[in-house]
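Presented below is the structure to which this report refers.
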Amino acid sequence: MTILITTPNGGVGRHLTEALRERGDVRYLVRSDAGAKALDGVRGEVFRGDVTDAADVRRAVVGVDRLYLAHPFADDQVAAETNLATAAVEAGVRRIVKLGARAFTGDGIVPDAVTGAHDLIAERLHSVSVPELTVLRPDRFLQNFLPAAASIGGGTLADPAGPGARGYVDVRDIAEVAVAELLAERPVGGDIEISGPQALTLPALAGRFAAALGRPVRYVDVPLDAAWRDALLAQGVTPGVADGLYGLYANYRSEGVAGLGDGVQRVLGRPPRSVDDFAADLLVPALSGT
Ligand SMILES: NC(=O)c1ccc[n+]([C@@H]2O[C@H](COP(=O)([O-])OP(=O)(O)OC[C@H]3O[C@@H](n4cnc5c(N)ncnc54)[C@H](OP(=O)(O)O)[C@@H]3O)[C@@H](O)[C@H]2O)c1
23 MTILITTPNG GVGRHLTEAL RERGDVRYLV RSDAGAKALD GVRGEVFRGD
73 VTDAADVRRA VVGVDRLYLA HPFADDQVAA ETNLATAAVE AGVRRIVKLG
123 ARAFTGDGIV PDAVTGAHDL IAERLHSVSV PELTVLRPDR FLQNFLPAAA
173 SIGGGTLADP AGPGARGYVD VRDIAEVAVA ELLAERPVGG DIEISGPQAL
223 TLPALAGRFA AALGRPVRYV DVPLDAAWRD ALLAQGVTPG VADGLYGLYA
273 NYRSEGVAGL GDGVQRVLGR PPRSVDDFAA DLLVPALSGT
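For the sequence shown, the positions run 23 to 312 when my numbering is used.
The structure is reproduced here in structure tokens:
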């Protein structure tokens, strides 16, 4: 058996790599020099390639039985994931575990490009008849807040997702579900909704971070305005991605209370990690010494 892992250094993918690093039957598809270096010490094969390059894709899928399919939200996401998956199926892959996203529900929701990209890719996967297909549908990642750890430690949780409550999920749980689905003799398969154990508003999240840090943390609403968009563009985000993120955050702001997903319990037989687990394991250590 050969398992192909895309984004092996990605937010979710790095935890798959950690779980699989002692296995010899894994191929890690990595693009950058830094990415290849970060895989030093894994027992499997480090394969250099770009998922937007057709020749790289053809070589990457040779002999692959199972595929973890993930890609950042980007202008090329739909093409990258559908081309790789199609080549993999043509090469004989039997199982694909795709990282998708939770669908929005309720009044006031407008189709957005981030969720829409996942829907298009999933549709394509169904149309090429993958023998065993799992689509992971996680809610918003808790790890999104780690790059802002210093600001949170300084007392401010600033975020544009608005007043709703959602089941913020620890990406370590998503990765564990993905690994279980990749390795199982009989995967659960189908759509797997993944969230944390509780729907929380951003002020409530700030309160939980404050309790873990032992200092006050105040939530500040970031409006989805021109300044917000300009800041994204200044970071090198393309206009198309900025528009997509605008649509995504507008839906976060409209949704109210998001439903929870039972995927962690269903696949792993245990409850999902809580915000408190995330804060103690990752947020507090990120701030140690500050
Ligand atoms: N953030 C959230 O709250 C959230 C919630 C639900 C769903 N999602 C979904 O999660 C997905 C992102 O997952 P993630 O955060 O685990 O990934 P990620 O961290 O965004 O993935 C980054 C990795 O992708 C690799 N990569 C980018 N372009 C590539 C290319 N052309 N060829 C090969 N590798 C390439 C990069 O490799 P190099 O470093 O080598 O360039 C990098 O290591 C998105 O589809 C998003 O919609 C996110």
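Note that beta-carbon positions come from the ideal geometry of N, C-alpha and C, so glycine has one too.
- A Cβ-Cβ distance of about 19 Å is found for the pair V64 and R81, leaving them out of contact under the 8 Å criterion.
- Apart from the 5 residues on each side of it in sequence, D213 sits with its Cβ closer than 7 Å to the Cβ of V157, R159 in its chain, given in chain order.
- For the set E67, V100, A123, A60, the Cα lying nearest the Cα of F163 is the one of A123.
- Judged by pairs of C-beta atoms under 8 Å, the segment 177-184 touches the segment 231-249, as three or more such pairs exist.
- Nearest to R292 by C-alpha distance, out of L267, P219, A139, is P219.
- Look at L246: its beta carbon is at least 7 Å from all of the heavy atoms in ligand 1.
- Of the residues R45, S149, A302, T39, the one whose Cα lies closest to the Cα of A234 is A302.
- Using a Cβ distance threshold of 8 Å, L121 and V263 do not count as a contacting pair.
- Take V79, set aside five residues on each side of it, and the residues of its chain with a beta-carbon closer than 8 Å to its own are G71, V73, N105, L106, A109, in chain order.
- Annotation note: the segment 235-291 contains the following uninterrupted beta strand (DSSP E) runs of length 3 or greater, listed N- to C-terminal: 240-243.
- Each of L224, Y271, E215 was checked against the Cα of W250, and the nearest Cα belongs to Y271.
- Runs of the beta strand (DSSP E) lying entirely within the segment 135-162, each at least 3 residues long, are 154-160 in chain order.
- By the 16-neighbour rule on beta-carbons within 10 angstroms, S217 is buried.
- Taking a C-beta distance under 8 Å as the contact criterion, V100 and G266 do not qualify as a contact pair.
- Set against 7 Å, the gap from the CB of G57 to the closest heavy atom of ligand 1 is smaller.
- Leaving aside the five residues that flank V119 on each side, the residues in its chain whose CB is nearer than 6 Å to its CB run, in chain order, Y90, T156, A200, E203, L204.
- Linking L290 to A197 through their CA atoms gives a straight-line distance of about 11 Å.
- In the DSSP annotation of this structure, the continuous segment of the alpha helix (DSSP H) that includes D298 starts and ends at 297-300.
- About 7 Å separates the beta carbon of L26 from that of V83, a gap short enough to meet the 8 Å contact definition.
- In the DSSP assignment, G212 is bridged to T156.
- With respect to the 8 Å criterion, F167 and N273 are not classified as neighbours on the basis of their beta carbons.
- DSSP, reduced to helix, strand and coil, places E198 within a helical segment of the structure shown.
- By a beta-carbon distance limit of 8 Å, V286 does not contact D141. Their separation comes to about 23 Å.
- In the DSSP assignment, R80 falls within the unbroken alpha helix (DSSP H) covering 76-82.
- For ligand 1, a non-hydrogen atom lies closer than 7 Å to the CB of H93.
- DSSP places D181 within a strand segment (E or B) once states are collapsed to three.
- For I131, no beta strand (DSSP E) run applies, since DSSP gives it neither H nor E.
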